[in-house]
Amino acid sequence: MGQLIKLQDYISRYELDIYHYPSEFIRLKKKQWERMKHAWETGQLALRVEPHSYESWKWLEEETSLFDKIKQIWTRKKVKDVTEENEQSEEEEDFMFSITSEPKTLEELKILFLEKLFQLQIRWASSTLTEESIIDPKYYYDVYLKYFLQRFPDTYLCMYKPVFLLKKAPVELNTILISPTTTWCIAFTEERKNNIIVGSAERFWTEIVDDVERKIVNPMISLHRTEKVVQTIYKQFSVDMPIKKVLINREGYIDYRYAPSDLDIIDRRHYDAWFMSLRQLSMPLKHMQLKAAQSLLTYCDTRYYDPLVIEEVEEADE
1 MGQLIKLQDY ISRYELDIYH YPSEFIRLKK KQWERMKHAW ETGQLALRVE PHSYESWKWL
61 EEETSLFDKI KQIWTRKKVK DVTEENEQSE EEEDFMFSIT SEPKTLEELK ILFLEKLFQL
121 QIRWASSTLT EESIIDPKYY YDVYLKYFLQ RFPDTYLCMY KPVFLLKKAP VELNTILISP
181 TTTWCIAFTE ERKNNIIVGS AERFWTEIVD DVERKIVNPM ISLHRTEKVV QTIYKQFSVD
241 MPIKKVLINR EGYIDYRYAP SDLDIIDRRH YDAWFMSLRQ LSMPLKHMQL KAAQSLLTYC
301 DTRYYDPLVI EEVEEADE
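Residues 1 to 318 in the UniProt record's numbering are what the sequence shown spells out, letter by letter.
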């Protein structure tokens with residue numbers, strides 16, 4: 001699974017320590033898969049019926065939440081320093097064996113595990129041990145977010161529609177995927193299946209489906225902006241890594257005759273080869289890759305609240 005290091009302007013654990021959490025995620029994923037597989041093989045998986053809602057990730061947690069445990073230990077004192085060992089044990093306990101459907105095969109178990117891990121990823125990308133961001137429910141059903149997190153290797157770091165703070169103004173950029181060797185700035189033109197996208201230098205492009213034409217915003221505008229921001233930040237932090245722009249249409253075609261030479265156009269004719277080249281990259285996490293991620297996170301906007309402080313204010317008003 002690709003790792004979600006930044007989601008919009010939500011607070012992320014990776015912002016706290018980019019050199020720790022990527023390897024910690026890989027360790028946790030491997031350990032919990034072995035535990036879940038063993039539980040399935042020995043009949044110890046507990047079936048639990050849960051409503052299908054964006055809040056379903058909460059069944060990853062113990063009955064007593066982490067914040068409740070902190071409050072029990074520290075009473076009303078705000079927690080600022082929690083040891084790495086305590087955090088690791090909490091994350092491992094979060095991965096309970098309760099599931100919402102009973103897998104009949106190992107492949108079905110893998111699908112359930114990936115969904116379970118997807119929920120955990122969103123939690124990591126929207127909270128720390130003492131702060132939380134308010135999640136938009138749409139991200140629990142976002143097919144593109146699942147694509148990046150469930151189809152790429154663990155060593156790919158994903159910034160999904162990140163909001164950067166540039167000259168004190170928030171700016172949403174395209175998705176940024178940082179592999180051990182390359183930074184990819186990615187945009188999709190998949191509004192409808194079997195479409196043909198006709199590109200140009202104009203502000204609007206043409207989408208053709210069944211001989212019917214309509215105008216769409218030129219995706220290169222935001223893609224160029226994303227590349228420029230990444231280039232500027234990398235230069236400031238002395239990050240030496242190639243940056244590539246890619247325009248993807250997995251089930252249609254892109255006709256862009258005068259496309260810039262530094263743009264990779266990936267439509268249904270080229271998608272499988274491009275995707276497999278990324279999937280087959282077997283390199284481990286690299287120091288320059290983590291440095292690149294840290295430099296970008298430095299400029300990301302972050303909005304969050306402290307649950308302990310909110311509760312103290314509410315109780316004071318009662």
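For each residue, glycine too, the CB sits at the ideal point set by N, CA and C.
Taking only three categories from DSSP, how would you classify I18?
As a first step, residue 18 is located in the sequence shown; it is residue number 18 there, counting from the start. Here I18 sits in coil by DSSP.
What is the DSSP secondary structure of M159, reduced to helix, strand or coil?
Taking the first residue of the sequence shown as position 1, residue 159 is located at position 159. M159 carries a strand assignment under DSSP once its states are collapsed to helix, strand and coil.
List in chain order: all unbroken beta strand (DSSP E) runs of 3+ residues lying wholly within the region 131–209.
157–160, 163–166, 169–172, 175–178, 183–188, 196–198 and 204–209
Indicate the three-state DSSP secondary structure (helix, strand or coil) for K6 in the structure shown.
Taking the first residue of the sequence shown as position 1, residue 6 is located at position 6. Strand.
Considering Cα atoms alone, identify which of T302, Q289 and C300 is closest to P22.
Position 22 of the sequence shown, counted from the start, is the residue given in the question as residue 22. Of the listed residues, the one whose Cα sits closest to P22 is Q289.
With the cut-off set at 7 Å, would you say M283 and P170 are in Cβ contact?
The sequence position of residue 283 within the sequence shown is 283, counting from 1. The sequence position of residue 170 within the sequence shown is 170, counting from 1. In this structure, P170 does not lie closer than 7 Å to M283 by Cβ.
Skipping 5 residues on each side, what residues in its chain have a beta carbon closer than 8 Å to that of D301?
On the sequence shown, residue 301 is found 301 positions in, with the first residue counted as 1. The answer, listed in chain order, is D9, V163, F164, L165 and P170.
If you follow the beta strand (DSSP E) that K235 is part of, which residue opens it and which one closes it?
For the purposes of this step, residue 235 is taken as the residue at position 235 of the sequence shown. From DSSP, K235 is part of no beta strand (DSSP E) but of the alpha helix (DSSP H) over M220 to Q236.
Neighbourhood of N194 by C-beta distance below 7 Å, restricted to the same chain and skipping five residues each side
The residue given as residue 194 occupies position 194 in the sequence shown. A distance below 7 Å between beta-carbons, with the five flanking residues on each side excluded, links N194 to the following residues of its chain, in chain order: V209, E251 and G252.
Grouping DSSP H, G and I as helix and E and B as strand, with all else coil, what is residue 319?
The structure shown has nothing for residue 319, since the chain only spans 1 to 318.
Rounding to the nearest angstrom, what Cα-Cα distance links S238 and R279 in this structure?
The residue given as residue 238 occupies position 238 in the sequence shown. The residue given as residue 279 occupies position 279 in the sequence shown. Approximately 27 Å, taken between the alpha carbons.
Below 7 Å CB to CB, which residues in the same chain sit around W33 once its five sequence neighbours on both sides are set aside?
In the sequence shown, counting from the first residue as 1, residue 33 sits at position 33. For W33, where only same-chain residues beyond five positions count, the Cβ hits under 7 Å are F113.
Enumerate in chain order the residues of its own chain whose CB-to-CB distance from F204 is below 8 Å, with the five nearest sequence positions on each side excluded.
The sequence position of residue 204 within the sequence shown is 204, counting from 1. Within the same chain, F204 has close Cβ partners K215, I216, V217 and N218.
Boundaries of the alpha helix (DSSP H) in which R279 is found, first to last residue:
Reading the sequence shown from its first residue, position 279 is the one you call residue 279. Element bounds for R279: Y271 to R279.
Buried or exposed for I18, going by 16 or more other Cβ atoms inside 10 Å?
Along the sequence shown, one-based indexing puts residue 18 at 18. The residue is buried, with at least 16 neighbouring Cβ atoms inside 10 Å.
Mind reading off the beta-carbon distance from residue 343 to R257? Whole number of angstroms is fine, and I expect it under 8 Å.
Past the boundaries of the shown model lies residue 343; the chain is included only from 1 to 318, so the question cannot be answered.
Residue 350 versus F118, T182, L16 and L106, residue with shortest Cα-Cα distance
In the structure as shown, the chain starts at 1 and stops at 318, and residue 350 therefore has no counterpart that could be examined.
For R303: DSSP bridge partner residues:
As a position in the sequence shown, residue 303 is number 303, starting the count at 1. DSSP, once it has assigned bridges, lists Y10 as partnering R303.
If we ignore side chains and look at the alpha-carbon of each, how far apart do D161 and T298 end up?
Translated into positions along the sequence shown, residue 161 becomes position 161. Translated into positions along the sequence shown, residue 298 becomes position 298. The sequence given here has Lys at residue 161, not Asp. For K161 and T298, the distance between alpha carbons rounds to 16 Å.
Among the candidates L45, I11, K168 and L263, whose CA atom is the shortest distance from the CA of T130?
For the purposes of this step, residue 130 is taken as residue 130 along the sequence shown, with counting starting at 1. Measuring from the Cα of T130, the nearest candidate turns out to be I11.
Sub-7 Å separation of K228 and W184 beta-carbons:
As a working note, residue 228 is residue 228 in the sequence shown. As a working note, residue 184 is residue 184 in the sequence shown. No.
Please state whether DSSP places K244 in a helix, a strand or coil.
Working through the sequence shown from its first residue, we reach residue 244 at position 244. Note: K244 maps to strand in three-state DSSP.
Could you check what DSSP says for R214 in three-state terms: helix, strand or coil?
Position 214 of the sequence shown, counted from the first residue, corresponds to residue 214. DSSP places R214 in strand when its eight states are reduced to three.
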